[in-house]
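> Here UniProt numbering is used: position 53 in the sequence shown is 53, and no number is missing along the way. Backbone N, C-alpha and C fix where the C-beta goes; we use that ideal spot for every residue, glycine too.
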Amino acid sequence: GPQFPFSGIDDRENWPTVFYNRTCQCQGNFMGYNCGDCKFGFIGPNCTVRRTMIRKEIFRMTSAEKDKFIAYLNLAKRTISADYVIATGTYEQMNNGSNPLFADINVYDLFVWLHYYSSRDAFLEGNLVWENVDFAHEAPGFLPWHRFFLLHWEHEIQKLTGDENFTIPFWDWRDAQQCDICTDEFF
């Protein structure tokens with residue numbers, strides 16, 4: 001928009017076509033880069049079984065549930081993603097694709113990178129930076145983007161662990177007088 005005066009420079013403006021010229025268009029309740037996964041809320045071999053997942057408040061989790069959650073996060077930190085790589089440079093630095101700059105990444109850090117990539121400053125020509133842009137937080141897409149981000153993260157942990165019942169717990173901070181979750185038990 002007019003608030004970003006450098007149209008056509010930032011890779012994210014034309015995502016994903018700036019990097020890829022072919023993508024799948026999934027049919028039915030399938031999704032994913034190869035249409036091999038069920039859309040969020042569906043399971044089964046043909047992705048036809050509707051399923052509602054219920055997230056638990058983190059302080060209402062049993063010790064065993066907390067331990068499993070932490071173990072899953074640690075597993076994600078140690079496991080290279082079988083499906084995704086990350087861009088380690090801008091499209092301009094890749095010389096129109098003739099110098100690909102991609103790297104493997106673990107499942108956990110993939111989501112750290114996705115969040116960074118969507119909210120980072122815009123890199124301009126000549127090593128200049130435009131700091132006043134944040135595609136994930138300063139736009140009308142804030143809520144749907146983060147909802148999709150969490151659903152996708154949850155789905156990747158489910159695939160990694162084989163636990164279709166895994167959900168990301170939430171923290172109900174409405175009555176908190178301090179950061180109750182900021183303890184060694186959780187960090």
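Using DSSP with H/G/I as helix, E/B as strand and the rest coil, what is Gln-158?
helix
> Assuming Ser-118 is part of the alpha helix (DSSP H), what are its boundary residues?
107-119
> Tell me whether Ala-122 is buried or exposed, calling it buried when 16 or more other Cβ atoms sit within 10 Å of its Cβ.
buried
> DSSP three-state label for Ile-43, please.
strand
> Can you tell me whether Thr-79 is helix, strand or coil according to DSSP?
Residue state, collapsed to three classes: coil.
> In chain order, what residues of the same chain lie with their CB nearer than 8 Å to the CB of Ile-105, ignoring the 5 residues before and after it?
Ile-80, Ser-81, Tyr-84, Val-85, Ile-86, Trp-113
> Give me, in chain order, the residues of the same chain whose beta-carbon lies closer than 7 Å to that of Gly-1; leave out the 5 immediate sequence neighbours on both sides.
With a pLDDT of 48 at Gly-1, under the threshold of 50, the modelled position of that residue is not reliable, and the figure given next carries that caveat. Here the set comprises nothing.
> Looking only at its own chain, which residues have a Cβ that is under 7 Å from the Cβ of Ala-103, when we skip the five neighbours before and after it?
Closer than 7 Å at Cβ, skipping near neighbours: Val-85, Ile-86, Thr-88.
> Would you mind working out which of Ile-70, Asp-11, Cys-182, His-155 sits nearest Glu-92, comparing C-alpha positions?
With distances taken between Cα atoms, Glu-92 lies closest to Asp-11.
> Can you tell me the Cα-Cα spacing of Arg-60 and Cys-182, whole angstroms?
Those two C-alpha atoms are separated by around 16 Å.
> Classify Ile-86 as helix, strand or coil using the three-state DSSP reduction.
The answer is strand: DSSP assigns Ile-86 an E or B state.
> Count the other CB atoms within 10 Å of the CB of Phe-142; is the residue buried (16 or more) or exposed (fewer)?
exposed
> Cutting at 8 Å between CB atoms, please list the residues of its own chain near Glu-185, excluding the five before and the five after it.
Lys-66
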